[in-house]
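**Q** Numbering of the sequence shown is given in this note's numbering, commencing with residue 25 and proceeding in unit increments.
Ideal placement from N, C-alpha and C gives every residue a C-beta, glycine not left out.
Just dropping this structure here.
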Amino acid sequence: MENITIPKHIGIIMDGNGRWAKKRMLPRNMGHKKGAEVFKDITRYCNELGLESVTFYAFSTENWKRPQEEIDGLMKLFKQYLIDAFDYEKENNKVIFLGDKSAFNQELRELMTEIESKTADRTGMKLNLALNYGSRDEIVHACKEIAQKVSEGSMSVDDIDENSFADHLYTKGQPDPDFILRPSGEKRISNFLLWQCAYSEFIYMDVLWPDFTRKDLDSAIAEFNSRNRRFGGV
Ligand code: FPP
């Protein structure tokens, strides 16, 4: 990939696990299992490419509506990947969970908090995992924090601007995503990084997430490079 600008931040909606499993007459959780392996490999590749941040949408605030069996399977997978399948000791990633942790069981909540604090001083790529994440929920959460500060007097109404607002989002301190990638053929944003994607490019691909490869990420980056970003200018 010569003469190519590597983006600073990519947002990825890991979609199509269910359809991948259905095509093979397998239970949906097998699609998630394969999707988790792809997540791990693509994370490694993002490290190799030298990204500043990558954000994976792994579980939305709406995903609790799924059958209990599927939710249980996903929770097991998150736990497994958070504990041993992803080597937090070796990689230099700062792991940040985007979303409201309070909905998870105590074991998972403690694990998430432990991983965040253990990796907080890391200097490598920020690995954002959106778990129980919804962008509207994130924005409401930011509004409440700001309102609380204003009512306590530690912030004034005049202090509220785009930058101070963004500092109250889960992605505080990180660049906005250069592009949002959604595989699986769906063309929706599904409550993902609504504030942060104001100037992001959207790249939709037909491949299902469990079939997604490093080559597909190369193609997405090449597509991003072919876009002409003007940020509202001419
Ligand atoms: C959407 O596909 C995918 C999800 C709701 C789960 C994504 C989770 C993983 C890939 C697990 C790995 C994550 C970590 C952090 C270990 P879908 O089920 O909606 O697919 P469909 O639209 O084909 O039904």
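Is it buried or exposed, E131, if we count other Cβ atoms within 10 angstroms and call 16 or more buried?
**A** Counting from one through the sequence shown, the residue named residue 131 turns up at place 107. The residue in question, E131, is exposed, as its Cβ has fewer than 16 Cβ neighbours within 10 Å.
**Q** Compute every distance between the C-beta of F83 and the non-hydrogen atoms of the ligand FPP, then say whether any falls below 7 Å.
**A** Locating residue 83 in the sequence shown gives position 59, counting from the first residue. The answer is yes for F83.
**Q** Thinking just about the alpha-carbon of each residue, which of W44, I30, K173 and S126 is nearest to the one in P207?
**A** Sequence index remark: in the sequence shown, residue 207 carries index 183 (1-based). Minimum Cα distance to P207 is reached at W44.
**Q** Is the distance from the Cβ of N116 to the Cβ of G148 below 8 Å?
**A** As a position in the sequence shown, residue 116 is number 92, starting the count at 1. As a position in the sequence shown, residue 148 is number 124, starting the count at 1. Contact: yes.
**Q** Confirm the yes/no value for this check: CB of D202, any heavy atom of the ligand FPP, distance under 7 Å.
**A** Counting from one through the sequence shown, the residue named residue 202 turns up at place 178. Checking the Cβ of D202 against the ligand FPP gives no.
**Q** Helix, strand or coil: how does DSSP classify S214 here?
**A** Numbered from 1 along the sequence shown, position 190 holds the residue referred to as residue 214. Of the three classes helix, strand and coil, the one that applies to S214 here is coil, per DSSP.
**Q** Taking the alpha-carbon positions, what's the M38 to L101 distance?
**A** Residue mapping note: residue 38 aligns to position 14 of the sequence shown, counting from 1. Residue mapping note: residue 101 aligns to position 77 of the sequence shown, counting from 1. Computed Cα separation, rounded: 14 Å.
**Q** Does DSSP put T137 in a helix, a strand or coil?
**A** Start at 1 with the first residue of the sequence shown, and residue 137 comes out as number 113. Note: T137 maps to helix in three-state DSSP.
**Q** For A171, does the count of other Cβ atoms within 10 angstroms reach 16, so buried, or fall short, so exposed?
**A** By one-based count along the sequence shown, residue 171 stands at place 147. It counts as exposed.
**Q** Given that a residue counts as buried once 16 or more other Cβ atoms are within 10 Å of its Cβ, and exposed if not, what is S224?
**A** Working through the sequence shown from its first residue, we reach residue 224 at position 200. With 16 or more Cβ atoms within 10 Å of its Cβ, S224 is classed as buried.
**Q** Assuming G158 contacts S77 under a Cβ cut-off of 8 Å, what Cβ separation, rounded to an integer in Å, is found between them?
**A** Taking the first residue of the sequence shown as position 1, residue 158 is located at position 134. Taking the first residue of the sequence shown as position 1, residue 77 is located at position 53. 19 Å between Cβ atoms; not a contact.
**Q** Would the beta-carbon of A127 fall within 8 Å of that of N156?
**A** In the sequence shown, residue 127 corresponds to position 103, counting from 1. In the sequence shown, residue 156 corresponds to position 132, counting from 1. Taking 8 Å as the Cβ cut-off, A127 and N156 qualify as a contacting pair.
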